[in-house]
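Worksheet: the structure to be examined is printed underneath.
Chains as they are written, first to last, in my numbering: chain A, 1 to 287; chain B, 288 to 574.
Spelled out as structure tokens, the structure:
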């Protein structure tokens, strides 16, 4: 089997596979790149994870994830900042272990409004100050922090950064090599300003990751698990992919699916469907 | 019982009450205004509905709802346009039957992407062309069409208009007396641009309705029924209400709740809780 050269399988798509199996399944499906998650890396330990990645011959496209730093100053925030600093180091180690063309990109999910608060605007300020604290750490590690705007339905409990434009505004004060953004079709496709924001992200050199997955309704009871194979929903991957291709982003494109039905399938079956769906609805729009 | 003078009970909040009961419950709770829905009006017929409204002594703050015109030209679209024209006439009749200070405002929900399509951008163009067709009908009836931006989680199956800014862009080509917008806290609170968009809506004279209800997570299995009493969630009604108050909008403020638990309560109980929650978290921010 071979897959499109720019396809990367985000490990969350085969959530229940341990790291070694996820790497094996990815390579067997002919996919040349993988987006890793911290939890399965931690299961085997960073050193072993790096060895497994090196042996796999795969590129590493990103590490998921840091962030969740919308709490005010205090012990809980210190824990979060320390955890993010560790995630930055892990990103550097794993990207070094990956094949040539790997990306030292740490995906950041901002976090929601803290319990008992209604202060959305203040929560966003706390994201900015966390970036100010973490940017020097990332810079010295050679890692790009990639702010991911999440769909507005997650704003209260998951991510107070809801649009690509807002992510770019947050990134604006930093070196693009240190703070970039994720363009995830599921999160941004609805936005009337999405094409303009992708264009801006390109001009500002901020696109650190492009992730594709589809949106379909009705949403499942747990809206976190609403992500579908490209082509199984209503997103126009032509419009969005063309917009990203019009920038100079030429990196890996991850398929990241959170979906109970998909997770219930055998990882090899899932990897095969990822390859097919990518070939069918994303690849035709690539240069 | 008395309620804040600007409070209006949107009839959907007491969904299972027939029109006569909804009017009675509203008046008994000391609320001076009601937002009507077409279905309970149709149950008794427009003529009877107008008489009941007149006898109630209540103001009418809006009629819900028109819209759902994202299908391409053809018989189905003609049915939708005709239905919207009827809704415009009903709005005029019911507002005339209401007490002084009633508003001839028809709330419009755009509609989603038609089945089998991925053409979000084209669907939005179909909203614009429907407005062009309906604006003269509304103008001659003295009715304001109020475009309601719905939360982006409804974009595919409910409303391709997702932000207040987008609603204002759609309205821009029309007379503000004919095409305005709804500001609904539930739908717009997450938007990083919401304060700027409310300010713009004020400057452009477009605010035709202000609706309040709260957002809480986890979302229910049916995300259409996620609306809570003001104060029961995470929305900062101070920030949003102050932004609306800084415009010259001085009309009624509707509480519109879709929520199975609330609907299961007795309508009079619900109306009482609406009064209390409005007094507690919205009224303090009014002039």
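Every residue, glycine too, gets a C-beta built ideally from N, C-alpha and C. Please read these numbers as outputs of a predicted model, since none were measured by experiment.
- [ ] Identify every residue that forms a DSSP beta bridge with residue 213 of chain A.
- [x] The partner list for residue 213 of chain A (beta bridge, DSSP) is empty, contrary to what the question assumes.
Open item on the list: Run through chain D and tell me which residues come within less than 8 Å of residue 440 of chain B, C-beta to C-beta.
Closed with: Note that chain D does not occur in the displayed structure, where the protein chains are A and B.
Open item on the list: Can you look up residue 300 of chain B in the DSSP assignment and give me helix, strand or coil?
Closed with: Of the three classes helix, strand and coil, the one that applies to residue 300 of chain B here is helix, per DSSP.
Task: For residue 70 of chain A, the nearest candidate out of A:113, A:53, A:217, A:106 (CA to CA) - done: Selection A:113, A:53, A:217, A:106 evaluated against residue 70 of chain A yields A:113 as nearest (Cα-Cα).
Task: Limits of the unbroken beta strand (DSSP E) element including residue 36 of chain A - done: Per DSSP, residue 36 of chain A is one residue of the beta strand (DSSP E) stretching across 33-37.
TODO: Report the option in A:78, A:74, A:30, A:99 whose CA atom is closest to the CA atom of residue 62 of chain A.
DONE: Nearest option by C-alpha distance: A:99.
Task: Integer Cβ distance of residue 565 of chain B from residue 294 of chain B, believed to fall under 8 Å - done: Right, the Cβ-Cβ distance comes to about 5 Å (below 8 Å), so this counts as a contact.
Open item on the list: Using only the alpha-carbon positions, how far apart do residue 288 of chain A and residue 73 of chain A sit?
Closed with: Past the boundaries of the shown model lies residue 288 of chain A; chain A is included only from 1 to 287, so the question cannot be answered.
Open item on the list: Tell me which residues share the same chain as residue 240 of chain A and place their Cβ nearer than 6 Å to its Cβ, disregarding the 5 neighbours each side in the sequence.
Closed with: Excluding positions up to five away in sequence, the list reads 185.
- [ ] Could you work out which residues of chain A lie near residue 477 of chain B, taking near to mean beta carbons separated by less than 7 Å?
- [x] Those are 152, 155, 162, listed as they occur along chain A.
Task: Any chain A beta carbon closer than 8 Å to residue 405 of chain B - done: Chain A contact via Cβ: present.
Open item on the list: When you compare the CB positions of residue 146 of chain A and residue 197 of chain A, do they come within less than 8 Å of one another, or not?
Closed with: Taking 8 Å as the Cβ cut-off, residue 146 of chain A and residue 197 of chain A do not qualify as a contacting pair.
TODO: Identify each residue in the stretch 528-543 of chain B for which the Cβ-Cβ distance to at least one residue of chain A is less than 9 Å, and report them in chain order.
DONE: Going along the stretch 528-543 of chain B in chain order, one finds no residue with a Cβ nearer than 9 Å to chain A.
TODO: Report yes or no: do three or more beta-carbon pairs, one from the stretch 420-437 of chain B and one from the stretch 360-378 of chain B, lie closer than 8 Å?
DONE: Contact holds: three or more Cβ-Cβ distances are below 8 Å.
Open item on the list: Taking the beta carbon of residue 453 of chain B as the centre, do at least 16 other beta carbons fall within 10 Å, making it buried, or is it exposed?
Closed with: Buried, since its Cβ has 16 or more Cβ neighbours within 10 Å.
- [ ] Using 10 angstroms around the beta-carbon of residue 288 of chain B, count the other beta-carbons present and answer buried if the total reaches 16, otherwise exposed.
- [x] Around the beta-carbon of residue 288 of chain B, fewer than 16 other beta-carbon atoms lie within 10 Å, marking it exposed.
Open item on the list: Classify residue 548 of chain B: buried if its beta carbon has 16 or more other beta carbons within 10 angstroms, exposed otherwise.
Closed with: Exposed.
Task: Contained alpha helix (DSSP H) runs [length at least 4] in the stretch 327-405 of chain B, N- to C-terminal order - done: Assignment of alpha helix (DSSP H) within the stretch 327-405 of chain B, counting only whole runs of 4 or more residues, yields 333-343, 362-384 in chain order.
Task: chain A within 8 Å of residue 523 of chain B, Cβ atoms only - done: At least one chain A Cβ lies under 8 Å of residue 523 of chain B.
Task: Same chain only: Cβ atoms within 8 Å of residue 81 of chain A, ignoring 5 sequence neighbours per side - done: Excluding residues within five positions, the ones whose Cβ falls inside 8 Å are 69, 130, 133, 134.
Task: Same chain only: Cβ atoms within 7 Å of residue 153 of chain A, ignoring 5 sequence neighbours per side - done: If we look at residue 153 of chain A and ignore the five residues flanking it on each side, its Cβ neighbours are 223.
Open item on the list: Determine, for residue 298 of chain B, whether the minimum Cβ-Cβ distance to residues of chain A falls below 8 Å.
Closed with: Chain A, which has no Cβ nearer than 8 Å to the Cβ of residue 298 of chain B, makes this no.
Task: Selection from B:394, B:313, B:327 that minimises the alpha carbon distance to residue 466 of chain B - done: Between residue 466 of chain B and the set B:394, B:313, B:327, the nearest pair of CA atoms involves B:394.
TODO: Please check if any C-beta of chain B sits within less than 8 Å of the C-beta of residue 166 of chain A.
DONE: Yes, because at least one Cβ of chain B sits closer than 8 Å to the Cβ of residue 166 of chain A.
TODO: Report yes if the CB atom of residue 469 of chain B is closer than 8 Å to the CB atom of residue 498 of chain B, and no otherwise.
DONE: Yes, the Cβ-Cβ distance between residue 469 of chain B and residue 498 of chain B is below 8 Å.
Task: Segments assigned alpha helix (DSSP H), at least 4 residues, entirely inside the stretch 198-251 of chain A - done: Counting only runs of 4 or more, we get 237-245.
- [ ] Pull up the CB-CB distance for residue 542 of chain B and residue 300 of chain B, whole angstroms please, since I reckon it's below 8 Å.
- [x] Yes, they are in contact, since the Cβ atoms of residue 542 of chain B and residue 300 of chain B sit about 6 Å apart, within 8 Å.
- [ ] Check whether the Cβ atoms of residue 331 of chain B and residue 323 of chain B sit closer than 8 Å, and answer yes or no.
- [x] No, the Cβ-Cβ distance between residue 331 of chain B and residue 323 of chain B is not below 8 Å.
Task: chain B within 8 Å of residue 113 of chain A, Cβ atoms only - done: Yes, residue 113 of chain A counts as interfacial toward chain B.
- [ ] List the residues of chain A that residue 550 of chain B touches, going by C-beta distances under 9 Å, in chain order.
- [x] Those do not exist, as residue 550 of chain B stays about 19 Å from chain A at its closest Cβ, beyond 9 Å.
Task: Where the alpha helix (DSSP H) through residue 2 of chain A begins and ends - done: From DSSP, residue 2 of chain A is part of no alpha helix (DSSP H); its letter is neither H nor E.
Task: Sequence-distant residues of the same chain with beta carbon closer than 8 Å to residue 41 of chain A, five excluded per side - done: Here the set comprises 19, 49, 63, 90, 94.
Task: Straight-line gap, residue 30 of chain A to residue 231 of chain A (C-alpha atoms, nearest Å) - done: The straight-line gap from Cα to Cα measures roughly 20 Å.
Task: Contact set between residue 37 of chain A and chain B, taken where Cβ atoms lie within less than 9 Å - done: Chain B residues near residue 37 of chain A: none, gap ~23 Å exceeds 9 Å.
Open item on the list: By the three-class DSSP mapping on this structure, what secondary structure does residue 317 of chain B have?
Closed with: Three-state result, residue 317 of chain B: coil.
Task: Separation of residue 55 of chain A from residue 214 of chain A, as counted between CA atoms - done: Spanning the two alpha carbons is a distance of roughly 32 Å.
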